[in-house]
Amino acid sequence: MIYAIAFLLGALGWTLTEYWLHRGWGHRGEAKNPFSTEHLAHHADVSYFAPTYKKVIATALVGGTTGTVLFLLLGITGLFASLGFVVMYVTYEVIHRLLHTHAGRTRYGRWARRHHLYHHYRRPQLNHGVTTPIWDFVFGTLEVPDTVKVPRRMALAWMLDDDGELHPELTDEYLLIGKKKNDLQESP
Ligand SMILES: [Zn+2]
Ligand SMILES: [Zn+2]
Numbered sequence: 002m003i004y005a006i007a008f009l010l011g012a013l014g015w016t017l018t019e020y021w022l023h024r025g026w027g028h029r030g031e032a033k034n035p036f037s038t039e040h041l042a043h044h045a046d047v048s049y050f051a052p053t054y055k056k057v058i059a060t061a062l063v064g065g066t067t068g069t070v071l072f073l074l075l076g077i078t079g080l081f082a083s084l085g086f087v088v089m090y091v092t093y094e095v096i097h098r099l100l101h102t103h104a105g106r107t108r109y110g111r112w113a114r115r116h117h118l119y120h121h122y123r124r125p126q127l128n129h130g131v132t133t134p135i136w137d138f139v140f141g142t143l144e145v146p147d148t149v150k151v152p153r154r155m156a157l158a159w160m161l162d163d164d165g166e167l168h169p170e171l172t173d174e175y176l177l178i179g180k181k182k183n184d185l186q187e188s189p
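In our numbering, the protein residues as written are 2 to 189.
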């Protein structure tokens, strides 16, 4: 039982880290750090993600260090806590990627997309949590948008139909703004 609790606390610890990494480092443009450089690139181009090898190195360093420290402090219980932390981190990476690449099918999936894309498109100082709104709620940065306005040129592929318009089932949740590019005239 204690191991399960340690695992869950470790997972919860990741969600808090996810929040503060994003809020504290990701959006600190004036004090550049490798994380903010990557994160601001992700904001400038919503299809850009930091290279996987950088994430693997960061995970090995952070996971290895915290795992060792927690093991020395708490023994096997500490190992379960760090395992929960790393598993939740990987879950976050998968969820974040899916938010950008695939349409949401479940209630959670649709919520997570609106929550995160509102952060991307409208209010980068709000909704820093990606997997959970808990910490945004705790630290007063949570906003639940009605309709998320999406600049047309930054729309994600899953939002659009073959004509480049919003899929009809998304019109309650998103609104495309900005002019549509005129179709190129074919030259004779
Ligand atoms: Zn994102
Ligand atoms: Zn951000």
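Built from N, CA and C at the ideal position, the CB exists for glycine as well.
1. Let me know if Arg-115 comes out buried or exposed under the rule of 16 or more other beta-carbons within 10 Å of its beta-carbon.
2. What residue range does the beta strand (DSSP E) around Pro-52 cover?
3. May I ask which residues mark the beginning and end of the beta strand (DSSP E) holding Val-151?
4. Which whole-angstrom value describes the C-beta separation of Val-177 and Ala-158, a residue pair presumed to lie in contact below a C-beta threshold of 8 Å?
5. What's the C-alpha gap between Glu-187 and Gly-165?
6. The beta strand (DSSP E) spanning Leu-157 covers which residue range?
7. Would you say the beta carbon of Gly-130 comes nearer than 6 Å to a heavy atom of ligand 2?
8. Which residue comes first and which comes last in the alpha helix (DSSP H) that contains Leu-22?
9. Expressed to the nearest angstrom, what Euclidean distance is found between the alpha-carbon atoms of Ala-7 and Val-131?
10. Taking 7 Å as the threshold (C-beta atoms), are His-117 and Leu-1 in contact?
11. Rounded to whole angstroms, what is the Cα-Cα separation between Lys-180 and Lys-150?
12. Alpha carbon to alpha carbon, how far is Phe-86 from Leu-13? Give it in angstroms, no decimals.
13. As a quick exercise: from Thr-102, Trp-15, Ala-82 and Leu-74, pick the residue whose alpha carbon is nearest that of Val-47.
14. Closer than 6 Å by C-beta to Thr-172: which residues in its own chain qualify, once you throw out the five before and the five after it? Chain order, please.
15. Identify whether Leu-127 lies in helix, strand or coil by the three-state DSSP scheme.
16. State the CB to CB distance for the pair His-168 and His-121, rounded to an integer number of angstroms; the pair is presumed to be in contact (CB under 8 Å).
Taking the structure as given:
1. buried
2. Looking at the DSSP string, Pro-52 is not in any beta strand (DSSP E), and its letter there is neither H nor E.
3. 149-152
4. Going by the sequence as given, residue 177 is Leu instead of Val. Rounded, the Cβ-Cβ distance is 13 Å, inconsistent with contact.
5. The predicted model places Glu-187 with a pLDDT of 45, which falls under 50 and marks its position as unreliable; any figure quoted below should be read in that light. Between Glu-187 and Gly-165, the C-alpha separation is close to 19 Å.
6. Per DSSP, Leu-157 belongs to no beta strand (DSSP E) and is neither H nor E.
7. no
8. No alpha helix (DSSP H) holds Leu-22; DSSP gives it neither H nor E.
9. 22 Å
10. The structure shown does not extend to residue 1, since the chain spans only 2 to 189, so no value can be given for it.
11. 13 Å
12. 7 Å
13. Thr-102
14. none
15. coil
16. 18 Å between Cβ atoms; not a contact.
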